[in-house]
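Enquirer: Dumping the structure here so I can ask a few things about it.
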Amino acid sequence: MSGSFPVDLTKFKKFKLDPTKPKLTDQEKSDLLANIQLLRDAIVFFTASGAARGVSGHTGGAYDTVPEVCILLSLFEDAEKYVPIVFDEAGHRVATQYMLSVLEGSLPADHLLHYREANSKLPGHPELGLTPGVKFSSGRLGHMWPLVNGVALANRGKTVFCLGSDGSQQEGNDAEAARLAVAQHLNVKLLIDDNDVTIAGHPSEYLKGYDVTKTLEGHGLKVLTVQGEDIDALWGAISSIVTYDGPAAVIAKRVMAPGIVDIQGSPHGHDVIPVKSAVKHLLSRGYPDFSDLYAGMVAVDQAYLHIGSTSERGANRVVFGEAVNLVLDKLSKEEAAAKVMVIDSDLEGSTGLKVIHQKHPEVFIPSGIMERGNFSAAAGFGFDPEKFGVFSTFSAFLEMVISEVTMARLNNCNVLCHFSHSGVDEMADNTCHFGVNSLFADNGLSDTHSFLYFPADPLQMVAVVQRVFFERGLRFIFSTRSKVPYILKEDGKTKFFGDGYKFVPGKDETIVEGKAGYVVSFGEMLYRSWDAVLRCRQQGLDVGLINKPSLNVVDEQTLKKIGASPFVLVVESFNQKTGLGSKFGTWLLERQLTPRYGYMGTTREGSGGLWEQIPHQGLDPSAIVLKIQQLSQ
């Protein structure tokens, strides 16, 4: 460990705890409390670097669970009895895993100050094989307990632990995992941080009746509930479940981020601690003022200046909610409540639903981290031909609701789905949060149709929502985490989707005609493709550009036009294996159209960071220009 890391992690004391002795000695308690404070100080210090660099992050969850982690490390000193991995089903608490990597010597402590930075190998969720010392990939939330069950089946003679949370336990995966653990009498022990905080607020308020203790007891686990900050009670409960033969859980009740004055008990504690709050807290802990240190950790801006679009940018994921409000504003409150239902999955501030909640509470249903159930509830509301359900979550979670999408389609339900955080742009949470398999939503048979839309800028988002909101059936609208500029016409001044623009479902849009070949793109890749096309045209290569906002509908007229050109290049940030490009070539061949063909998409695990994800995938304008030049030869 480096001496320049101001929290001296060499002071961490290794000692063994015996679960057959449920009462801590004075020395054990003293050492445990010292370890807890040491690691909590370190987590505050290095996660705040994410705030300083503008790459966000999560402080509270990892900070909360330090007492449980320190106890596990003391248990693991008796390695023969345990699978010595601190599995965690809340992937955003990755700071814990990076801390453990440092403690075991796999990472230098200084490297923690590159938390979530591009190419640091410290992404926002743990990834096996990427970060030295990290022992598993967590996924997003609620994925690990079922996998831990399998680890327990493979290690019948050992105890396996999994950290959980009142948020992750809302996922349906955990109910299935609980039943298997009980049925097979698995020696799985859950340590659950119950802090009553998730992204959107407090589960006790938005999900009344939900109780982690009662839920797990109902499944048949042995459950002990204690105050998580009472180290004697916490150890007593953990020692009890360790000596119990079978699946068991300790529910550690605590406020979020206990002891950090500015964020304690607040949903803000779920996110990264603000720099000023970190400095203030660490000063109270006796550390020097780190303001200058954090001031030197500046965000790395993208130097590239795109042409063909505005410097002004808007957040399509937020504009979605504003566009829905424009539709609802035309209805009376009573009519809106009878006709429309909007359900959240603990992400209203991230997916644009918050503005609907604020302006039209009569249609809004707050709900938990239960994507399958919430989607189906929206579909059930839209089971009546005259009613319409609205559902929204991150695009990465679309893979979780595919079966429910099929059932909604078979039941002729009306659902408008908004999947934000599509593609890879600005995805510091990295690979497990990539929304790249969105065409999975188009999984119906050819005799029924769902519609997938990916607007290119805020003006087009408004146009799309207003046009398709009351269309029947399943409609999917995608947006990105990143903000996007407004697309300009070839004159470089007029907004393409401005005055006079009308969105026509299924119709491809010609941004510019070309004789040398065509690039086909959509969403956040359109402005990058437009930049590449314009630069090629400046060099005398007469390339055209097509915007395809309706992803899964063939526009026969446009396809015939571009298929007769010398080449066609599809540019997207979806998975190259499953995206539009994987289909588009077939559409051309089916019509005996044989231009030279290429397609670009996401092909590799992420780099971490924000804008850096796009060039990491080879999807930046210079890479598009190079591909155009290759196809045009």
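Throughout the sequence shown, residue numbering follows UniProt numbering, covering 1 to 633 in sequence. We treat Cβ as the ideally placed atom computed from N, Cα and C, and that holds for glycine. Computed from a predicted model, the values in this text were never measured in an experiment.
Specify the secondary structure class of residue 518 as computed by DSSP and reduced to three states.
Expert: strand
Enquirer: For my contact list, residue 199 and residue 166 are in at a C-beta cut-off of 8 angstroms; report their separation, rounded to the angstrom.
Expert: Not really, about 12 angstroms apart at Cβ, beyond 8 angstroms.
Enquirer: Whole-angstrom Cβ separation of residue 212 and residue 196, contact assumed at under 8 angstroms?
Expert: Wrong, their Cβ atoms sit about 10 angstroms apart, outside the cutoff.
Enquirer: Would you decide whether residue 620 is buried or exposed? Buried here means 16 or more other CB atoms lie within 10 Å of its CB.
Expert: buried
Enquirer: Note down, in chain order, each residue of its chain lying with its Cβ closer than 6 angstroms to the Cβ of residue 509, except the 5 sequence neighbours on either side.
Expert: 547
Enquirer: Give a yes or no on contact between the stretch 107-115 and the stretch 595-603, applying the rule of three or more CB pairs nearer than 8 angstroms.
Expert: no
Enquirer: Hey, would you say residue 522 sits closer than 8 angstroms to residue 549, going by beta carbons?
Expert: For residue 522 and residue 549, yes; Cβs fall inside 8 angstroms.
Enquirer: Ends of the beta strand (DSSP E) at residue 477?
Expert: 474-478
Enquirer: Restricting to runs no shorter than 3 residues, where is the beta strand (DSSP E) found entirely within the stretch 213-261?
Expert: 222-227 and 248-253
Enquirer: Should residue 13 be labelled buried (16 or more other beta-carbon atoms within 10 Å of its own) or exposed?
Expert: Burial is judged here by how many other beta carbons sit within 10 angstroms of a residue's own beta carbon; residue 13 has fewer than 16 and is exposed.
Enquirer: Just mark residue 2 as buried or exposed, buried being the case when its beta carbon has 16 or more other beta carbons within 10 Å.
Expert: Since pLDDT at residue 2 reaches only 45, below the 50 mark, its modelled position is unreliable, and no value is offered.
Enquirer: Identify whether residue 393 lies in helix, strand or coil by the three-state DSSP scheme.
Expert: strand
Enquirer: Measuring only the C-alpha atoms, how far is residue 622 from residue 534?
Expert: 12 angstroms
Enquirer: What number of angstroms, rounded off, separates the C-alpha of residue 344 from the C-alpha of residue 164?
Expert: 22 angstroms
Enquirer: Whose C-beta lies closer than 7 angstroms to the C-beta of residue 601 among residues of the same chain, with five residues either side of it excluded?
Expert: 572, 573, 574, 575, 576, 579 and 581
Enquirer: Measure the C-alpha to C-alpha separation of residue 424 and residue 481 and round it to an integer number of angstroms.
Expert: 9 angstroms
Enquirer: For residue 193, which three-state DSSP category applies?
Expert: strand
Enquirer: Which residue comes first and which comes last in the alpha helix (DSSP H) that contains residue 582?
Expert: 581-590
Enquirer: Please list the terminal residues of the continuous alpha helix (DSSP H) segment that includes residue 85.
Expert: No alpha helix (DSSP H) contains residue 85, which DSSP labels as neither H nor E.
Enquirer: Classify residue 90 as helix, strand or coil using the three-state DSSP reduction.
Expert: strand
Enquirer: Indicate the three-state DSSP secondary structure (helix, strand or coil) for residue 162 in the structure shown.
Expert: strand
Enquirer: Just to check my reading of the structure: residue 140 and residue 91 have Cβ atoms closer than 8 angstroms, yes? What is that Cβ distance to the nearest angstrom?
Expert: Rounded to the nearest angstrom, the Cβ distance from residue 140 to residue 91 is 5 angstroms, consistent with a contact under 8 angstroms.
Enquirer: Taking contact to mean at least 3 C-beta pairs separated by less than 8 angstroms, is the stretch 268-280 in contact with the stretch 44-58?
Expert: Contact holds: three or more Cβ-Cβ distances are below 8 angstroms.
Enquirer: Pull up the distance between the alpha-carbon of residue 129 and that of residue 605, whole angstroms please.
Expert: 11 angstroms
Enquirer: Flag this pair as yes or no: are the beta carbons of residue 76 and residue 162 separated by less than 8 angstroms?
Expert: Contact flag unset, no.
Enquirer: Could you pull out every residue in the same chain whose Cβ sits closer than 8 angstroms to the Cβ of residue 56, ignoring the five residues on either side in sequence?
Expert: 50, 116, 124, 271, 272 and 428
Enquirer: Using only CA atoms, which one of 397, 42, 352 and 586 lies nearest to residue 290?
Expert: 42
Enquirer: Could you give the first and the last residue of the continuous alpha helix (DSSP H) run that contains residue 45?
Expert: Counting along the chain, the alpha helix (DSSP H) containing residue 45 begins and ends at 26-53.
Enquirer: In this structure, does DSSP put residue 640 in helix, strand or coil?
Expert: Examination of residue 640 is not possible in this model, given that the chain is present from 1 through 633 alone.
Enquirer: Among residues of its own chain, excluding the 5 on either side of residue 231, which ones have a beta-carbon nearer than 8 angstroms to its beta-carbon?
Expert: Within its own chain, the residues whose Cβ lies closer than 8 angstroms to the Cβ of residue 231, once the five positions on either side in sequence are excluded, are 24, 29, 32, 33, 36 and 67, listed in chain order.
Enquirer: Among the residues of its own chain, which have a CB less than 7 angstroms from the CB of residue 325, if the five just before and after it don't count?
Expert: In its chain, beyond the 5 residues on either side, 355, 356, 359 and 360 have a beta carbon closer than 7 angstroms to the beta carbon of residue 325.
Enquirer: Going by DSSP, what residue range makes up the alpha helix (DSSP H) through residue 559?
Expert: 556-563
Enquirer: Can you tell me where the alpha helix (DSSP H) with residue 417 in it begins and where it stops?
Expert: Segment 415-420 is the beta strand (DSSP E) holding residue 417; no alpha helix (DSSP H) there.
Enquirer: Run through DSSP, which three-state label would residue 300 get?
Expert: coil
Enquirer: Identify every residue that forms a DSSP beta bridge with residue 574.
Expert: Its beta-bridge partners do not exist; DSSP assigns none.
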